[in-house]
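S.K.: I have a structure here, written as C-alpha cells, and I will follow up with some questions on it.
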Amino acid sequence: MAVLTREDVYNKMVNEKKPVCPHCGQEMVIWECPPMTFSDGLGWGTPYLYVCFYDDCPLYLEGWKNIMDNYANVASYRCICDPTSRKMDCMPVFSRDGGKGYIIDEEVRAREEARKAAEKKGLEELQACYEAADTSTILKTLLDKHILPAIRAKAAEMIGEIGGLDVIEPIRNHVFENEVLNTNVEVSIQLIHKRHYTKECPFCAEIIKARAVVCKHCGKDLPEDK
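According to numbering that gives the first Met the number 0, the stretch in the sequence shown is residues 0 to 225, in order.
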C-alpha cells in the first residue's frame, strides 16, 4: 500500500466531494492538523481532516453543557471526519474560535500554489538565460517590479556573475523598493567592477580604471581606496 504524502492527501481532499456533518447536515471544511494533539497524544494520524465549524451545529451547541456537567470544564465539540476512512469523530474546542486558525482557505492555497508554480517557471527561464549569457533578459527581469521577488533576487545574483559594465548605469538609475534587493544589487555591481578592474568615480559616478588616481571624466583627484 502506497504511503500518501501531505500533498497527496490534500489534493485528494480538494478533488473529492466534501462530507456533510451527521449532526447538522452542513458541508465540512478542510482543516490542517496542528502540531499539538488531544486525547492519547499519539497524533492525528493524518495531516488534514474534515471539520464542521457550523456554530449552530447541535453537537457544538449541546457540547458546552455536556462537558460542563460531566467534566466541569468550559469546552465543546466539533465533528471531525478522517479523509481516508471517512470515519466520523469529535474533538474538543475551548472557545467559539478554537481551531478556526487551521481552516484551509482554498482560495489562498490556490493562489500560493500558483505563485510557487510561477516562481519555479521563472527561475527555470532565468537559468536558461544565464546559460546562454543573455544579460539583457536578466537585466530586464531584475528591473521589472512586477516580477516575483525570489526571481529578481536570483537575477541580481546572476547579473553580478556575467553582467558587463553596460548594465551598471541602468541598475544605478533604477529605484529598488526592496532593501534586501538593494543590498544584493550593490554586491553584484562590485563583483562586475572586480571582474573588469574598474570602479566608479565618487564625484561624477563615471566608470574608471580601478587603479586610477585622477578621474579622466571630471579631472578630480581620487581618494585612496581603503
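Every residue gets a Cβ at the ideal spot worked out from N, C-alpha and C, and that includes glycine.
With DSSP as the reference, label Met0 as helix, strand or coil.
M.R.: The residue given as residue 0 occupies position 1 in the sequence shown. Unreliable positioning characterises Met0 in this predicted model, as indicated by a pLDDT of 43, which lies under 50. The coordinate reading is nonetheless provided below. Looking at Met0 - three-state DSSP - the assignment turns out to be coil, as it is neither helix nor strand.
S.K.: Just the C-alpha distance for Leu141 and Ala204, rounded to the nearest angstrom, thanks.
M.R.: What you label residue 141 is simply residue 142 of the sequence shown in a count that begins at 1. What you label residue 204 is simply residue 205 of the sequence shown in a count that begins at 1. Approximately 21 Å between the Cα atoms of the pair.
S.K.: Who pairs with Met87 in a beta bridge, going by DSSP?
M.R.: The sequence position of residue 87 within the sequence shown is 88, counting from 1. Looking at the DSSP assignment, Met87 forms a beta bridge with Cys80.
S.K.: Quick check for students: name the residue ranges of the alpha helix (DSSP H) that lie wholly in the stretch 54–141, counting only runs of 4 or more.
M.R.: Listed in chain order, the complete alpha helix (DSSP H) runs (minimum 4 residues) inside the stretch 54–141 are 57–70 and 105–130.
S.K.: To which residues does DSSP link Asp220 through a beta bridge?
M.R.: Position 221 of the sequence shown, counting from 1, holds the residue named residue 220. DSSP lists Val213 as partners of Asp220.
S.K.: Do Arg85 and Phe52 come within 8 Å of each other at the CB atom, strictly closer than that value?
M.R.: For the purposes of this step, residue 52 is taken as the residue at position 53 of the sequence shown. For the purposes of this step, residue 85 is taken as the residue at position 86 of the sequence shown. Contact flag unset, no.
S.K.: Per DSSP, what are the beta-bridge partners of Trp30 in this structure?
M.R.: To locate residue 30, count along the sequence shown from 1; it is residue 31. In the DSSP output, where bridge partners are listed per residue, Trp30 has Leu48 and Ile102.
S.K.: Please return the same chain residues whose Cβ sits closer than 8 Å to the Cβ of Met0, not counting the five positions on each side in sequence.
M.R.: Along the sequence shown, read from residue 1 onward, the residue named residue 0 stands at position 1. The predicted position of Met0 is uncertain, since its pLDDT is 43 and thus under 50; a value taken from the coordinates is nonetheless stated next. Closer than 8 Å at the Cβ level, and outside the excluded window around Met0, lies no residue.
S.K.: Between Ala131, Ile207 and Lys119, which has its C-alpha nearest Leu147's C-alpha?
M.R.: In the sequence shown, residue 147 corresponds to position 148, counting from 1. Considering only alpha carbons, the answer is Lys119.
S.K.: Please name the residue in Val213, Glu105, Ala74 and Glu112 whose C-alpha comes closest to that of Gly98.
M.R.: Mapped onto the sequence shown, residue 98 falls at position 99. Looking at the Cα atoms, Ala74 is the closest of the given residues.
S.K.: Return the CA-CA distance between Glu156 and Cys217, expressed in angstroms with no decimal places.
M.R.: Looking up residue 156 in the sequence shown gives position 157. Looking up residue 217 in the sequence shown gives position 218. The alpha-carbon atoms of Glu156 and Cys217 are separated by roughly 31 Å.
S.K.: Based on Cα-Cα distance, which residue from Ile206, Ile158, His195 and Asp165 lies nearest to Val184?
M.R.: If you number the sequence shown from 1, residue 184 lands on position 185. It is Ile158.
S.K.: What did DSSP end up calling Ile191 once you bin it into helix, strand or coil?
M.R.: Within the sequence shown, the letter at position 192 stands for residue 191. Helix, per DSSP.
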